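What follows is one structure encoded as structure tokens, with my remarks underneath.
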Amino acid sequence: MKKVEAIIRKSKFDEVKKALHQIEVNFFSYWDVTGVGNEKQGHVYRGISYSTSDIQRRYLVIVVSDDFLERTVNVLLDTASTGNVGDGKIFVSDMIEAYRIRTKESGSAGIN
């Protein structure tokens with residue numbers, strides 16, 4: 001099992017969510033987060049330009065079986081990209097174990 005963590009633009013979230021559901025990745029968690037990166041996002045409010053280094057993003061955590069890893073990462077790479085600085089990052093790490101609390105199933109059965 002693998003844990004996929006992705007930081008993406010909020011504007012791409014609906015497209016990413018739909019694409020993940022299409023490849024049968026139906027469960028994941030997400031949070032709205034603020035980070036600092038290479039992108040220097042500017043805002044215009046009532047005709048006045050404000051510059052900030054704080055960037056609003058969405059943070060996704062997806063636990064998948066090894067069989068789903070490549071397609072999950074490919075979907076994220078394809079759908080979250082705009083081709084501009086600030087598209088985000090994807091991190092993959094090993095997941096030692098997973099349990100479904102209701103049924104007490106573990107391993108891949110616990111996440112599917």
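Every letter in the sequence shown is one number past the one before it in UniProt numbering, and letter 5, counting from 1, is 5. No residue lacks a Cβ here, since even glycine has one placed at the ideal position from N, Cα and C. None of these values were measured; they are calculated from a predicted model.
A straight line joining the alpha-carbon of I62 with that of K10 spans about 17 Å. For F91, the pairing in a beta bridge is given by DSSP as E5. Short of 6 Å from the beta carbon of Y59, and not among the five residues preceding or following it, lie these beta carbons of its own chain, in chain order: I7, W31 and V33. Note that the C-beta distance between T79 and V4 is not below 8 Å.
When secondary structure is reduced to three states using DSSP, G35 falls in the strand class. Within a 10 Å sphere around the beta-carbon of G83 sit fewer than 16 other beta-carbons, which makes this residue exposed. According to the DSSP assignment, N112 belongs to no alpha helix (DSSP H), since it is labelled neither H nor E.
At the C-beta level, L20 and F28 come within 8 Å of one another.
The continuous alpha helix (DSSP H) containing N74 extends over residues D66 to T79. Closest by C-alpha distance to A109, out of D66, R57 and Q22, is D66.
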